[in-house]
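Report on the following structure.
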Amino acid sequence: NYTMDEVLEADRALGDVPLASTQEQVSLLGAATDPARLAQEQIGLLAFSPLARGLLGGRGLSAPLGAGDGRHGDPLFQPRNLAAVRPAFDGVLAPIAEAHRATPAQVALAWLVAEPGVTAAIAGVQTPEQVDDVAGALEVELSDAERDRLRDAFSAIELDLSLRRSLARRVRDRLGRVARRIRRSLT
Numbered sequence: 067n068y069t070m071d072e073v074l075e076a077d078r079a080l081g082d083v084p085l086a087s088t089q090e091q092v093s094l095l096g097a098a099t100d101p102a103r104l105a106q107e108q109i110g111l112l113a114f115s116p117l118a119r120g121l122l123g124g125r126g127l128s129a130p131l132g133a134g135d136g137r138h139g140d141p142l143f144q145p146r147n148l149a150a151v152r153p154a155f156d157g158v159l160a161p162i163a164e165a166h167r168a169t170p171a172q173v174a175l176a177w178l179v180a181e182p183g184v185t186a187a188i189a190g191v192q193t194p195e196q197v198d199d200v201a202g203a204l205e206v207e208l209s210d211a212e213r214d215r216l217r218d219a220f221s222a223i224e225l226d227l228s229l230r231r232s233l234a235r236r237v238r239d240r241l242g243r244v245a246r247r248i249r250r251s252l253t
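The opening position of the sequence shown corresponds to residue 67 in my numbering, with each subsequent residue numbered one higher.
See the structure below:
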C-alpha cells in the first residue's frame with residue numbers, strides 16, 4: 067500500500083505517461099489512499115482485500131477461526147480488534163444486509179464498488195459459494211443514507227494493527243499444528 071502522497075509522486079515521476087491505476091487494500095475498515103482524490107487525478111483504484119480477509123463477511127465474528135486458519139496471526143483477527151469491529155458489524159452492517167436480503171459480505175462489497183474512485187474490487191474466493199456471494203453484491207443497491215451509516219460506523223473503529231506475533235512464535239505454532247495433524251493421521 068502507498069500513501070496518497072506516494073501515489074501522486076509516482077504519477078509525477080512518470081511525466082507524460084500518466085499513472086493508470088494503483089492497487090490498494092481498501093474496505094469499510096479504511097484505506098491508505100483517498101479513492102475520491104484518485105478519481106480527481108484520473109488514477110484508477112483496484113481495491114484488494116475488500117472484505118478485510120473475510121472479517122466483513124463475518125469470519126472470526128460469528129464463529130472462531132479454525133485451528134489451522136492462517137488468520138490467527140493477523141492483527142486484524144486478534145480479540146481486541148474483533149471486539150472493536152463487532153458493534154459496527156452487528157449494529158449496522160448485518161441489519162442493512164438483512165434489509166436487502168443479502169449477506170454482510172455482499173453489502174460491504176456493494177458499498178465499496180459504489181465509492182467514487184473505486185475502479186474494481188479484487189475479492190479472493192475459495193469456494194463456489196463464495197463466487198456466488200461476490201457476484202450477488204452486484205445486485206445490492208444501497209441508499210446514500212445506508213452508505214453514510216456504514217461509512218460512519220466503520221470509520222469510527224480504531225484498530226490496533228501492532229499486535230503481530232513474532233515470526234518465531236508463528237513458525238512454532240504452525241509447526242505444532244502440522245505435527246499434531248501428522249500424529250493424528252498415523253494413529
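Using N, Cα and C, we set each Cβ at its ideal position, and we do this for glycine too.
{"Check": "Hey, quick one: how far does the beta strand (DSSP E) through E205 stretch, first residue to last?", "Outcome": "Looking at the DSSP string, E205 is not in any beta strand (DSSP E), and its letter there is neither H nor E."}
{"Check": "In the DSSP output, which residue or residues are listed as bridge partners for V151?", "Outcome": "In the DSSP output, where bridge partners are listed per residue, V151 has none listed."}
{"Check": "Distance check for P84 and D214, CA to CA, integer angstroms please.", "Outcome": "32 Å"}
{"Check": "A113 and E90 look like a contact to me (Cβ under 8 Å); what is the Cβ gap, rounded to whole Å?", "Outcome": "6 Å"}
{"Check": "With DSSP run on the structure shown, which of helix, strand or coil describes G139?", "Outcome": "helix"}
{"Check": "Out of P145, R240, D210, H166, point me to the one whose CA is closest to A180's CA.", "Outcome": "D210"}
{"Check": "Sort out for me which residues DSSP pairs E90 with in a bridge.", "Outcome": "A113"}
{"Check": "Going along the chain, which residues of its own chain have a beta-carbon closer than 6 Å to the beta-carbon of A176, five neighbours each way excluded?", "Outcome": "A203, V206, L208"}
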